[in-house]
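Here the structure is laid out as structure tokens; the discussion comes afterwards.
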């Protein structure tokens, strides 16, 4: 597709369950980012991939959160033993260092996670 | 480390009035600065960016921002507000080292009154 695609758009789960959120970046973008946006807050950085490897995972809040990008394209954010405090909108973005879009992140519409 | 502070979580203006959304940054190296807009139920989209060229940057939908190093500011303005400008606006900072993550402010919600 032309833009960043995230699935599911909405996910409701129970406390303690495992959740996977998927991101399909813009074709050809080598960099991929995950952010988390809580109500009334700005996006909070979680992890950044350059190609297949995590270049910076300093924003992951704890070891229940993990992300992969095995082929350098699609990425999956995995949350184990979900807690109510994990409820937020999870945003994915991709970017390219080429040309006039240097530094610009292209965002998906997000996956809204609700933990009951 | 970089950070941004957006003054005012909510700004309300009348249609046709000047829009001024404030952003101050903190960075130990020359920053790259961005404004993003988030319309209801949509993803964030770039309004404009400063990348060390002209200090006055023009973006989409009539918005512009001026980089002022002496004031560590990057305020967003628009001469005349439209109803369609009602949205959440985020200021963000990065550094000149490739695809580094953006650090976002908490956002300012703009309301436009008819």
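Residue numbers (my numbering), protein chains in the order written: chain A, 1 to 116; chain B, 1001 to 1114. Every residue gets a Cβ at the ideal spot worked out from N, C-alpha and C, and that includes glycine. Everything numeric in this text was worked out from a predicted model, so none of it was measured.
Cβ neighbour criterion (16 or more within 10 Å) applied to residue i
i	result
residue 1084(B)	exposed
residue 1002(B)	buried
residue 1078(B)	buried
residue 78(A)	exposed
residue 1029(B)	exposed
residue 1021(B)	buried
residue 88(A)	buried
residue 1033(B)	buried
residue 2(A)	exposed
residue 1010(B)	exposed
residue 1103(B)	buried
Cβ distance (whole Å) where residue i is taken to contact residue j below 8 Å
i	j	result
residue 49(A)	residue 75(A)	6 Å
residue 1093(B)	residue 1052(B)	In fact, because the Cβ distance is near 13 Å, the residues do not count as touching under 8 Å.
residue 1081(B)	residue 1016(B)	6 Å
Minimum Cβ-Cβ distance from residue i to chain A less than 7 Å
i	result
residue 1104(B)	yes
residue 1063(B)	no
residue 1059(B)	no
residue 1016(B)	no
residue 1031(B)	no
residue 1094(B)	yes
residue 1040(B)	no
residue 1110(B)	no
residue 1101(B)	yes
residue 1046(B)	yes
residue 1043(B)	yes
residue 1107(B)	yes
residue 1074(B)	no
Neighbour flag for residue i against chain B, beta carbons, 7 Å
i	result
residue 45(A)	yes
residue 28(A)	no
residue 42(A)	yes
residue 77(A)	no
residue 66(A)	no
residue 107(A)	yes
residue 104(A)	yes
Span of the beta strand (DSSP E) around residue i
i	result
residue 1012(B)	1010-1014
residue 46(A)	44-50
residue 10(A)	10-13
residue 79(A)	75-79
residue 17(A)	Counting along the chain, residue 17(A) falls outside any beta strand (DSSP E), and DSSP gives it neither H nor E.
residue 1034(B)	1031-1038
residue 1069(B)	Where residue 1069(B) is concerned, there is no enclosing beta strand (DSSP E), given that its DSSP letter is neither H nor E.
residue 1063(B)	No beta strand (DSSP E) holds residue 1063(B); DSSP gives it neither H nor E.
residue 93(A)	88-95
residue 108(A)	Unbroken run through residue 108(A): none, as it is neither H nor E.
residue 41(A)	Premise fails: residue 41(A) is in no beta strand (DSSP E) and is neither H nor E.
residue 56(A)	53-56
residue 1049(B)	1045-1050
residue 36(A)	31-37
residue 1094(B)	1087-1095
In DSSP terms, what residue i is bridged to
i	result
residue 1022(B)	1007(B)
residue 1113(B)	1014(B)
residue 114(A)	12(A)
residue 1057(B)	1065(B)
residue 6(A)	23(A)
residue 1076(B)	1021(B), 1065(B)
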